[in-house]
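>
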Amino acid sequence: MAIPTLATKLHIPAPRSKRVLRPRLGERLNEGAPSAPGVTLVAAPAGFGKTTLVSEWVVGSGRPTAWLSLDEGDNDLARFLTYLVAALHSIAPSIGLGITDLLQTSSVQPTLVESILTTLLNEIAALPDNPASLQAASQLRFILVLDDYHVIHDKSVNAALTFLIEHMPPQMHLVIATREDPPFPLARLRARSQLAELRAADLRFTAAEAAEFLNQVMGLSLSEADVAALEE
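The sequence shown begins at 25 in the working numbering and counts up by one.
Rendered as structure tokens:
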């Protein structure tokens, strides 16, 4: 039975009309997405604006972006890989065509997973990288965003993504937004300088951002002292 895909899970969330712009965090994300392959981890509890921050950043970055909003149903390996390929189609429609039939089943045999991911990674690595072509240049570096990764607890899905991270081609940079650290080899990525991290302490409002949120976004008229007290 074919696995249907919900198109809205692949859409970059639209920015809110009223929001606090935080260019300082955009700069941090820019620093964390160098030319070399790597991972940017945005980890903080609910309400810290992870999705808003990442979506605004990728739109403003000008880089091609594949986006996948995860939910509990993605703890099925076949479904997760199907959505992953569907997200990557926004970068190049040819990615994953050779493995689509294998994924359109109720389950994926563990013995096939590495073969499927190897094929997928090889297709990404084969993307054009000739800067003389504007189209090729746009595919030279792209961002894959996995939002709400904290909902994933299936070991086979985590193992599949670990394999992808450890063999990531230079065309791709991975951004993971989550409420808790995923079970990936983060220490090894840090040692290789392939991991950038934004934590709750980074995402917390500054005094100026708190004042803008309370008075401009929320429409309150608070004194500087009241804003300071609430920010604290």
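Ideal Cβ positions, reconstructed from N, Cα and C, are used throughout, including at glycine.
1. Please report the distance separating the alpha-carbon of S157 from that of P88.
2. Tell whether a beta-carbon distance below 8 Å holds between G62 and H197.
3. When you compare only the Cα positions, how much space is there between A150 and E255?
4. Is DSSP giving F237 helix, strand or coil here?
5. Identify the residues that DSSP records as bridge partners of I200: which are they?
6. Express the C-alpha separation of I167 and V82 in angstroms, rounding to a whole number.
7. Would you identify the three-state DSSP class for E55, choosing helix, strand or coil?
8. Would you tell me roughly how many angstroms separate the C-alpha atoms of D95 and L34, rounded to the nearest one?
9. Compute the beta-carbon to beta-carbon distance between L145 and L101, rounded to the nearest angstrom, for a pair I have assumed lies under 8 Å.
10. Excluding sequence positions up to five away, which residues of its chain have a Cβ less than 6 Å from the Cβ of T202?
11. So for E256, helix, strand or coil by DSSP?
12. Out of A249, G97 and P134, state which residue places its alpha-carbon closest to the alpha-carbon of I27.
13. Exposed or buried, which one is M242 when buried takes at least 16 other CB atoms within 10 Å?
14. State whether the region 44-58 contacts the region 206-216, with contact taken as three or more CB pairs (one from each stretch) at a distance under 8 Å.
15. By the DSSP assignment, the alpha helix (DSSP H) with S93 in it spans what residues?
16. Consult DSSP for A150 and reduce its assignment to one of helix, strand or coil.
17. Can you tell me whether R48 is buried or exposed? The criterion is at least 16 other CB atoms within 10 Å of its CB, across all chains shown.
18. Which residues does DSSP pair with A220 in a beta bridge?
A quick look at the data gives this:
1. As a working mapping, residue 157 is identified with position 133 in the sequence shown. As a working mapping, residue 88 is identified with position 64 in the sequence shown. Residue placement at S157 cannot be trusted, given a pLDDT of 38 that sits under 50; what the coordinates show is reported in the next sentence. The straight-line gap from Cα to Cα measures roughly 15 Å.
2. Within the sequence shown, numbered from 1, the residue matching residue 62 stands at position 38. Within the sequence shown, numbered from 1, the residue matching residue 197 stands at position 173. H197 is positioned such that its CB atom lies closer than 8 Å to that of G62.
3. Reading the sequence shown from its first residue, position 126 is the one you call residue 150. Reading the sequence shown from its first residue, position 231 is the one you call residue 255. So the alpha carbons of these two residues sit roughly 49 Å apart.
4. Looking up residue 237 in the sequence shown gives position 213. In the structure shown, F237 sits in a helix (DSSP, three-state: H, G or I).
5. Against the sequence shown, residue 200 aligns to sequence position 176. Bridge partners of I200: L65 and L170.
6. Stepping through the sequence shown from its first residue, residue 82 is reached at position 58. Stepping through the sequence shown from its first residue, residue 167 is reached at position 143. Computed Cα separation, rounded: 8 Å.
7. Translated into positions along the sequence shown, residue 55 becomes position 31. In this structure, E55 counts as helix in the three-state DSSP scheme.
8. On the sequence shown, position 71 is the one that residue 95 refers to. On the sequence shown, position 10 is the one that residue 34 refers to. Those two C-alpha atoms are separated by around 12 Å.
9. On the sequence shown, residue 145 is found 121 positions in, with the first residue counted as 1. On the sequence shown, residue 101 is found 77 positions in, with the first residue counted as 1. Contact flag wrong, Cβ pair sits at about 16 Å.
10. Taking the first residue of the sequence shown as position 1, residue 202 is located at position 178. Excluding sequence neighbours, T202 sits near A67, Y173 and H174.
11. One-based indexing of the sequence shown puts residue 256 at position 232. DSSP places E256 in coil when its eight states are reduced to three.
12. In the sequence shown, residue 27 corresponds to position 3, counting from 1. If we check each option's Cα against that of I27, G97 comes out closest.
13. The residue labelled residue 242 in the question sits at position 218 within the sequence shown. Counting every other CB atom within 10 Å of its CB across the protein chains shown gives M242 a total below 16, marking it as exposed.
14. no
15. To locate residue 93, count along the sequence shown from 1; it is residue 69. Segment T89 to S93 is the beta strand (DSSP E) holding S93; no alpha helix (DSSP H) there.
16. In the sequence shown, residue 150 corresponds to position 126, counting from 1. A150: coil per DSSP, three-state reduction.
17. For the purposes of this step, residue 48 is taken as the residue at position 24 of the sequence shown. The residue is exposed, with fewer than 16 neighbouring Cβ atoms inside 10 Å.
18. Residue numbering aside, residue 220 sits at position 196 when the sequence shown is read from its first letter. Its beta-bridge partners are T64.
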